[in-house]
Amino acid sequence: MKPSRLLLALLAFLLAAAIVLGALPVLGVKLPASVSLLWAGALLALLVVAALDALWLRQLPSPRLQRTLAGNLPLGRWSEVQLQIHHDYRHPVRIELFDHLPEAMAFEHLPQRIELQPQRHSQCSYRVRPLARGHFNLARCEVALPSPLRLWHARRLIEVNGQTRVYPDFARIHGAQLLAVDDWLSQLGVRQQQRRGLGLEFHQLRDFRDGDTLRQIDWKATARKRTPIAREYQDERDQQIVFLLDCGRRMRSQDGDLAHFDHALNACLLLSYVALRQGDAVGLATFASEQPRFIAPVKGQAHLSTLLNGVYDLQSTQRPADYSAAINNLLTRQRRRALVVLVSNLRDEDDEELLAAVKRLSRQHRVLLVSLREEVLDSLRHTQVHDYETALAYCGSVDYLNARANLHERLAANGVPVLDALPSELGPELVSQYLAWKKAGVL
3 MKPSRLLLAL LAFLLAAAIV LGALPVLGVK LPASVSLLWA GALLALLVVA
53 ALDALWLRQL PSPRLQRTLA GNLPLGRWSE VQLQIHHDYR HPVRIELFDH
103 LPEAMAFEHL PQRIELQPQR HSQCSYRVRP LARGHFNLAR CEVALPSPLR
153 LWHARRLIEV NGQTRVYPDF ARIHGAQLLA VDDWLSQLGV RQQQRRGLGL
203 EFHQLRDFRD GDTLRQIDWK ATARKRTPIA REYQDERDQQ IVFLLDCGRR
253 MRSQDGDLAH FDHALNACLL LSYVALRQGD AVGLATFASE QPRFIAPVKG
303 QAHLSTLLNG VYDLQSTQRP ADYSAAINNL LTRQRRRALV VLVSNLRDED
353 DEELLAAVKR LSRQHRVLLV SLREEVLDSL RHTQVHDYET ALAYCGSVDY
403 LNARANLHER LAANGVPVLD ALPSELGPEL VSQYLAWKKA GVL
């Protein structure tokens, strides 16, 4: 509880009057004794009224609040939150309301001043913008409640429990691709179609035709029908894609509003969306994280929700990337041949260890290495050199980029394709590479 401006103004007035009353006798001005008694009476009356008003405020019940917040919020996008206010006040009360939010959420239109009318319920709204992914709890709201005579304000903390999850907003970042994905895929000619052949999946029984082989004959069905019956198979076109995502310190670089890790996560989700539409199974594994995660490859568009729920709270760490351990762990979990997309920020010191680990992985799976490149390096490479400092920055960035390029060339020479992309362009380039392989029949 704290005094209001009105109470402070009244006390300041009485203090000023006391100073004047004390100064006048010094200046030779005589005042009647009743003036001093009047001032003392005014001060006593104000103190009594203030005490009664404070007691009245303590007995005043707090309003009841209810928060309406979406259970899922997109990262970096503004969302609306509503607060319903219920009360039993018989007179209009003007309150100030503030919602306690996590530090990782920006907000607008807080605090708010609301006048509560008798026998009416009120509501207000404000906007939040999550700055980080994860699970967040909203525990309480703060209300500044005035006393009936407006001499005091009480700070009331009201428990309003709520929680929400902040997911990667890859739909906003790649909105154009998602909205036009059907036309995009059809124009590239990569729609999944069943083809008759001698694949591994049984399709149907039919009459024996010229050109069929003897091993296609179903002898039990032939005996029942007393006519040659052949089995028809379809090509096994569905593939498995497993993302091997680096969560270590190399992915903590910042380009724009998002870190490299968030750019990589959005790109993986975008390719997952496209691959699931194509009938492929998608899974994900992490390394250099607090707790390594593994989501087994599953087909169906509903699996995208499983992927989102499995990675929405993933955060990058300060741990180094151990490619050998990550690949060994993946080989024990993923037995069936799949396309493994390893997403990291490759450095020249990764040469021998990375090459040996990827060769071991390539014996069982098809591998695509994705290396994120810092945008600042491209900016420094194209900066004009004017002095010694800019010359050092230019030479350092060019030397670093050349070392990266040499590593990529050595990997490519050993049959390991490398996709080197800027974080902001990673999603479209990754999808284009997948669709090109799909169209060419590589997958």
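So the sequence shown is numbered by the numbering used here: it starts at 3 and just counts up by one.
Where is the CB? At the ideal position from N, CA and C, for every residue including glycine.
Nothing here was measured: the structure is a model prediction, and the numbers come from that model.
- Looking at the DSSP output, Asn139 bridges to Gln165.
- The beta carbon of Asn416 lies closer than 7 angstroms to those of Leu357, Lys361 in the same chain, with the five residues before and after it left out.
- For His88, the enclosing beta strand (DSSP E) starts and ends at 81–88.
- For the beta strand (DSSP E) assignment, the uninterrupted runs of no fewer than 3 residues enclosed by the segment 287–333 are, from N- to C-terminal side, 296–300.
- Counting along the chain, Phe210 sits inside no alpha helix (DSSP H), nor does DSSP assign it H or E at all.
- In the DSSP assignment, Cys126 falls within the unbroken beta strand (DSSP E) covering 124–132.
- Non-local beta-carbon contacts of Gln84 in its own chain, meaning distances under 7 angstroms to residues more than five positions away in sequence, involve Thr70, Gln125, Ser127 in chain order.
- A Cβ-Cβ distance of about 17 angstroms is found for the pair Leu247 and Leu278, leaving them out of contact under the 8 angstroms criterion.
- Collapsing the DSSP output to three states places Ser373 in a strand.
- Looking at Leu99, Arg217, Gln386, the one whose alpha-carbon comes closest to that of Gln68 is Leu99.
- As far as DSSP is concerned, Asn408 takes part in no beta bridge.
- Phe138 and Cys270 have their C-alpha atoms roughly 24 angstroms apart.
- A Cβ-Cβ contact shorter than 7 angstroms links Ser81 with Val130.
- Pairwise C-beta distances place the segment 422–433 in contact with the segment 256–272, as three or more of them are shorter than 8 angstroms.
- Put simply, the backbone Cα of Gly73 is about 21 angstroms away from that of His111.
- DSSP, reduced to helix, strand and coil, places Met253 within a helical segment of the structure shown.
- Nearest in C-alpha terms to Gln256, of all of Gly250, Leu344, His265, is His265.
- Using a 10 angstroms sphere on the CB of Cys397, the tally of other CB atoms stays under 16, which defines it as exposed.
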